[in-house]
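Residues in the sequence shown are numbered from 63 upward in steps of one, following our numbering. By construction, the Cβ of each residue, glycine as well, lies at the ideal position given by its N, Cα and C atoms. Only a predicted model underlies this, so the values are computations on that prediction, with no experimental measurement involved. As C-alpha cells, the structure follows; a few thoughts come after it.
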Amino acid sequence: MSFDTATSWPPGLLTIFDHCRNRPTALENRYYGPFDKLLNYCFGSSFDFYVAPQNPPTKLSRDSIVFLVVRDRNDKPVLLVEIKDDGWAQKAELRYRADIQMRER
63 MSFDTATSWP
73 PGLLTIFDHC
83 RNRPTALENR
93 YYGPFDKLLN
103 YCFGSSFDFY
113 VAPQNPPTKL
123 SRDSIVFLVV
133 RDRNDKPVLL
143 VEIKDDGWAQ
153 KAELRYRADI
163 QMRER
C-alpha cells in the first residue's frame, strides 16, 4: 500500500523501528536505517525527491541527527527531519518541552 492511501504505518516499518529502538548502540547508528526507510516510503520511489543523510553529530554538537530531503529538480530543501533518541517519549514533561521547542522554530 502506498503512503497516499495507507491509514497506518506498514507492519514491516514498525518492526524495523522496534528492533532498532531496542539496540544499545549510538543514536546515529540506531536510527539512520529506519528513518531512511520511512522517508523513502513517504516520498516514494520516483526521482522527484531523494533522502540525503547529513554528517553524524560530533561530541561537541547537539544530540540529534538531521536528515535532509531535497527536491531533485531544483535542489531545494523540502523537509528537514531532526532525529533524537526517543527515550524521553515516556515522560509527559519531556514531551511537553519537545512540543514547545518545535512550536518555537
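Applying the 10 Å Cβ sphere with the 16-neighbour rule, what's the burial state of residue 73? exposed
What does the Cβ neighbour count give for residue 85, buried or exposed, with the cut at 16 atoms within 10 Å? exposed
Boundaries (first-last residue) of the beta strand (DSSP E) holding residue 111: 111 to 115
Taking 8 Å as the cut-off, decide whether the C-beta atoms of residue 150 and residue 142 are in contact. no
In whole angstroms, what separates the C-alpha of residue 166 from that of residue 160? 10 Å
Taking all protein chains shown into account, do 16 or more other C-beta atoms lie within 10 angstroms of the C-beta of residue 92, making it buried, or fewer, making it exposed? buried
Spatial neighbours of residue 103 within its chain, please: CB distance less than 8 Å, with the 5 preceding and 5 following residues excluded, ordered by chain position. 65, 72 and 75
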